[in-house]
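Undergrad:
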Amino acid sequence: MVGGGRVNIAFVLSALGAGGAERVISSIAGAAIARGWTVTVITFDAPDDPIFHAIDPRAQLIRLAVPAGSGGLSAYAAGIRRARALRRALDAGKYDVVISFLTKINVLTLLATLGRHTPVIVSERNNPDRQPAHPLWQMMLHRLYPRAAGIVTLTERGKTRMRIADRSKVTVIPNPIPALAFEPRREKPPQLVAVGRLTEQKGFDLLIDAFAGIAARFPDWSLVIFGEGPERPRLEAMVRDHGLQHRIRLPGNTERHAEWISAASMFVLSSRYEGFANVVGEAMRAGLAVVASDCDFGPGEMIEQEVSGLLVPPEDCAQLATALGRVMSSGTLLRRLGSNAKRRATLFDERIILDRWLGLIASAADRQPATSSGKSFRSGSRLHALIRSR
1 MVGGGRVNIA
11 FVLSALGAGG
21 AERVISSIAG
31 AAIARGWTVT
41 VITFDAPDDP
51 IFHAIDPRAQ
61 LIRLAVPAGS
71 GGLSAYAAGI
81 RRARALRRAL
91 DAGKYDVVIS
101 FLTKINVLTL
111 LATLGRHTPV
121 IVSERNNPDR
131 QPAHPLWQMM
141 LHRLYPRAAG
151 IVTLTERGKT
161 RMRIADRSKV
171 TVIPNPIPAL
181 AFEPRREKPP
191 QLVAVGRLTE
201 QKGFDLLIDA
211 FAGIAARFPD
221 WSLVIFGEGP
231 ERPRLEAMVR
241 DHGLQHRIRL
251 PGNTERHAEW
261 ISAASMFVLS
271 SRYEGFANVV
281 GEAMRAGLAV
291 VASDCDFGPG
301 EMIEQEVSGL
311 LVPPEDCAQL
321 ATALGRVMSS
331 GTLLRRLGSN
341 AKRRATLFDE
351 RIILDRWLGL
361 IASAADRQPA
371 TSSGKSFRSG
381 SRLHALIRSR
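The UniProt record's numbering puts the first residue of the sequence shown at 1, with every later residue one more than the last.
(1) Just list the beta strand (DSSP E) runs in the region 193–250, keeping only unbroken ones of 3 residues or longer that don't cross its boundaries, in chain order.
(2) Please state whether the Cβ-Cβ distance between residue 396 and L269 is less than 8 Å.
(3) Does the beta-carbon of P119 have 16 or more other beta-carbons within 10 angstroms, so that it is buried, or is it exposed?
(4) If you draw a straight line from the alpha carbon of R143 to that of Q191, how long is it in whole angstroms?
(5) DSSP on G69, reduced to helix/strand/coil?
(6) Roughly how many whole angstroms lie between the Cα atoms of K159 and H246?
(7) Assuming L354 and P176 are in contact, meaning their beta carbons sit under 8 Å apart, how far apart are those beta carbons, in whole angstroms?
(8) So for V98, helix, strand or coil by DSSP?
(9) Less than 7 Å between C-beta atoms, sequence neighbours within five positions excluded: which residues of the same chain meet that for L358?
(10) Check this for me: beta carbons of M302 and G281, under 8 Å apart or not?
(11) Could you pull out every unbroken beta strand (DSSP E) segment of at least 3 residues lying fully inside the region 298–329, listed in chain order?
(12) Between which residues of its own chain and S100 is the CB-CB distance below 6 Å, once the five residues before and five after are set aside?
(13) For R285, count neighbouring C-beta atoms within 10 Å of its own C-beta (all shown protein chains included) and say buried if the count is 16 or more, exposed if not.
(14) Do you know offhand how far P174's Cα is from D56's?
(15) Could you please give the first and the last residue of the uninterrupted beta strand (DSSP E) stretch that includes T43?
(16) Please state whether DSSP places V107 in a helix, a strand or coil.
(17) Would you call residue 394 buried or exposed, if buried means 16 or more other Cβ atoms sit within 10 Å of its Cβ?
(18) Okay, do the region 338–356 and the region 204–215 touch, 3+ Cβ pairs below 8 Å being the bar?
(19) Under DSSP, the alpha helix (DSSP H) around I361 begins and ends at which residues?
(20) Please state the DSSP three-state secondary structure of R161.
(21) Look at the alpha carbon of R197 and the alpha carbon of Q60, and state the distance between them as a whole number of angstroms.
(22) Among the candidates S339, V7, T322, V195, whose CA atom is the shortest distance from the CA of A289?
(23) In angstroms, rounded to a whole number, what distance separates the CA positions of I25 and R217?
(24) In three-state DSSP terms, what is S270?
(25) Exposed or buried, what is M140 when buried is set at 16 or more other beta-carbons lying within 10 Å of its beta-carbon?
(26) Helix or strand or just coil, what does DSSP make of G331?
(27) Answer with yes or no whether the minimum CB distance from N8 to chain B is below 8 Å.
(28) Taking only the alpha-carbon atoms, compute the straight-line gap between G71 and P219 and give it to the nearest angstrom.
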């Protein structure tokens, strides 16, 4: 593609699950198709696996059905199989640009394109300091990331943590926050809402303890945590231990924003770390008061302290409980924070963010990927030979 014509692009991600990365890819793909570009979405899951965020039907969907390994040599062998399958798919598609999301998929995509001239844009969606610590992954990151045509981070703080010599390759593009397709109810029950995968990262154990500490002071208030994940048994046990089964609910996943936004008087983010925290932006767009952990990264760049929300130190149950109590006890504060949050969220308007993504992709398509000045895999290396073999 040269001079603003049609672009043939491929997105690569693990699966079409319920995460924020999947939602963003769905949005970018739709915007690219609306511009007349050709879009393919490549995943490693199986054809019969559920799709949580719908992809524009005009996009081609390729599901490679190559699962990840369970660890050790199994994970290594699965990684090689995935990279080979991806390489075949990318070679067949003759794409102008390839865009991958999430660290391990970024590494596999850069491996799969060794020796090719297709520009690859990798998107870091989480805290770089919390990425895989295994020496093999660290070596891969160190050597492969300089080969990317571009690296996208969600925040300025995330950009400063990228371990890459050429920072000019790093572009900050926050997640888009779409306008609501419905009008939230004005009158809502006194209810705190949290949304996210039930994992240690999301800190719902901290939230349950914080709510339990103030529940007696606010007998009319309840807590609903939407999401699913491996921490469910432990979180349910915590709720039982606190004797709050009638006050704290874990109803599972919801793909309908209307369900959790309409259920909320205020929104809580209790994460230990984040990449951006889409749900904070969505809550702000809906005019909800937000109390959030000031974790790396995202919340501190989205929320103006004491203006459009309250920020508390991560993993501090006492301060989280205090902040929740402040808002729960003051309708004036709840309304003021919600009104200011709605104004602040316009900075992340979907049209603005998607235009930035499409501009970056078009720019990459119009140039050959820069040659890395850092260490890289030689085309004759053993790993390169493994990827090339059929």
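For glycine and all other residues, C-beta sits at the position ideal for the given N, C-alpha and C.
TA: Once the coordinates are examined:
(1) Taking only runs of at least 3 residues, the beta strand (DSSP E) segments lying wholly in the region 193–250 are 222–226.
(2) Residue 396 lies beyond the residue range present for the chain, which begins at 1 and ends at 390; the question has no answer from this structure.
(3) The residue is buried, with at least 16 neighbouring Cβ atoms inside 10 Å.
(4) R143 and Q191: Cα-Cα distance of roughly 48 Å.
(5) In this structure, DSSP gives G69 a state outside helix and strand, which the three-state scheme calls coil.
(6) Near 43 Å, if we compare the C-alpha coordinates of H246 and K159.
(7) At roughly 6 Å, the Cβ-Cβ gap stays under 8 Å, so L354 and P176 are in contact.
(8) When secondary structure is reduced to three states using DSSP, V98 falls in the strand class.
(9) Closer than 7 Å at the Cβ level, and outside the excluded window around L358, lie A31, A32, R35.
(10) Their beta carbons are under 8 Å apart, which means M302 touches G281 by this criterion.
(11) Listed in chain order, the beta strand (DSSP E) runs fully inside the region 298–329 are 310–312, counting runs of at least 3 residues.
(12) Apart from the 5 residues on each side of it in sequence, S100 sits with its Cβ closer than 6 Å to the Cβ of V12, N106, T109, V122 in its chain, given in chain order.
(13) Classification for R285: buried.
(14) A straight line joining the alpha-carbon of P174 with that of D56 spans about 22 Å.
(15) Boundaries of the beta strand (DSSP E) around T43: 38–43.
(16) Three-state DSSP puts V107 in a helix.
(17) Because the chain in this structure spans residues 1 to 390, residue 394 falls outside the shown range and cannot be described.
(18) No, the region 338–356 does not touch the region 204–215.
(19) Going by DSSP, I361 is part of the alpha helix (DSSP H) stretching over 350–365.
(20) Looking at R161 - three-state DSSP - the assignment turns out to be coil, as it is neither helix nor strand.
(21) Rounded to the nearest angstrom, the two C-alpha atoms are 28 Å apart.
(22) Among S339, V7, T322, V195, the Cα nearest to that of A289 is on S339.
(23) For I25 and R217, the distance between alpha carbons rounds to 43 Å.
(24) DSSP places S270 in the coil class of the three-state scheme, outside both helix and strand.
(25) Per the 10 Å Cβ criterion, buried.
(26) Residue state, collapsed to three classes: helix.
(27) The chain labelled as chain B is not found in the depicted structure, where only one protein chain is given.
(28) Going from the Cα of G71 to the Cα of P219 covers about 46 Å.
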